[in-house]
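A.B. asks: Letter 33 of the sequence shown, counting from 1, is numbered 38 in my numbering, and no numbers are missing.
Glycine included, every Cβ here is placed at the ideal spot set by N, Cα and C.
For clarity, every value in this text was computed on a predicted model and none was experimentally measured.
If you scroll down you'll find the structure; I have some questions about it.
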Amino acid sequence: MTANIILVSSLTFIVFVVVILGIYYFFSRKNMKRQQQYFEKLHEALQVGKRVVCANGLYGTVKKVDEEKVDVEIAKGIVITVSRFAISEVL
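And the structure:
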């Protein structure tokens, strides 16, 4: 009798954990897909002359766009080179 109770409670726990993990996977995948689409649009919008915000909070104007890097002018005559992935927003 006690073996059956232990078996049923173990199976119930396993099913509960699998359901919770499935729900977590569904929502995290949906969020990751949304983020990926956002960054694809962001990288397509990177053009010379656009105002951008870097991930560290620096504001600047795009001067040059390469495959991996972007040159951003943060003040008159001061140009920094950052990764495309460091751009968090195009204004």
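Our contact map puts residue 87 next to residue 74 with C-beta atoms below 8 Å; I'd like the distance itself, whole angstroms only.
C.D. replies: About 7 Å; that satisfies the 8 Å criterion.
A.B. asks: Note down, one range per segment and in chain order, each beta strand (DSSP E) of at least 3 residues found wholly within the stretch 31-68.
C.D. replies: As far as the stretch 31-68 is concerned, its whole beta strand (DSSP E) runs of at least 3 residues are 56-59.
A.B. asks: Please report the straight-line C-alpha distance between residue 20 and residue 30, rounded to a whole angstrom.
C.D. replies: When rounded, the distance between both Cα atoms is 15 Å.
A.B. asks: Using the rule of at least 16 other Cβ atoms within 10 Å of the residue's Cβ for burial, across every protein chain shown, is residue 92 buried or exposed?
C.D. replies: With 16 or more other Cβ atoms within 10 Å, it is buried.
A.B. asks: Can you find a CB in chain D that lies within less than 9 Å of the CB of residue 78?
C.D. replies: The question asks about chain D, but that chain is absent: this structure has only one protein chain.
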